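Reading through the structure tokens given below for one structure.
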Amino acid sequence: PGFTADEPLETLGESLALPPFLEPKRAAIEAGLKPLA
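Numbered per our numbering, the sequence shown finishes at 68, counting up by one with no gaps.
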């Protein structure tokens, strides 16, 4: 519920949504994620 409040359903889940205070750490966060598929 509410996932489409700030991004369109067509592109939902294509990119990692982060709150503004975590944007400076985006590269480190993404580097630590494992692929889902």
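Virtual Cβ for every residue (Gly too), placed ideally from N, Cα, C.
Model, not experiment: these values are computed from the prediction.
Could you tell me which of the options sits nearest to residue i, measuring between CA atoms?
i: Leu-67; options: Leu-53, Pro-50, Ser-46; result: Ser-46
Can you grab the Cα-Cα spacing for the pair residue i / residue j, in whole Å?
i: Ala-62; j: Lys-56; result: 10 Å
i: Leu-53; j: Pro-32; result: 23 Å
i: Ala-58; j: Thr-42; result: 21 Å
i: Thr-35; j: Ala-48; result: 12 Å
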